[in-house]
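Position 87 (the sequence shown) corresponds to 89 in our numbering; numbering is contiguous. The beta-carbon is built from N, C-alpha and C at its ideal position, and this holds for glycine as well. Data first, discussion second: the structure below is written as structure tokens.
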Amino acid sequence: MAKEIKETKETKVTSAKVCAILHSITTVLWLFNAGMDLVGSRSSGNKLGWNFWSDIAIAVVFGSIAVDYFIKWNKEKKLESVNTYIA
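See below:
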């Protein structure tokens, strides 16, 4: 009788994967916060203050860090697939 060999794909948690996801979530939250500032200033008739612009700046910083981690994660994934083909 032939044995069935089941190939299980393990999910490898790397620091790049975790950091990419966390920085993406943080970026979305900061953009939401900036949107709330925008809505609040429009409804009250006030000008946009430094709080709005600082939220946008923080979101840009966290977003760029998230992109760097996603690129690193993609490189690790490609390297893993190359290693499995060689082995």
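Decide if residue 36 is buried, meaning its Cβ has at least 16 other Cβ atoms within 10 Å, or exposed. buried
Does any C-beta atom of chain C lie closer than 8 Å to the C-beta of residue 82? This model lacks chain C altogether; it includes just one protein chain.
Pair within 8 Å by beta-carbon distance, residue 19 and residue 75: yes
Ignore the nearest five residues each way along the sequence and tell me which others in residue 61's own chain have a CB closer than 6 Å to its CB. 29, 32, 33
Minimum C-alpha distance to residue 58 - residue among 15, 23, 40: 40
Can the beta-carbon of residue 73 be found closer than 8 Å to that of residue 25? no
Taking only the alpha-carbon atoms, compute the straight-line gap between residue 21 and residue 80 and give it to the nearest angstrom. 18 Å
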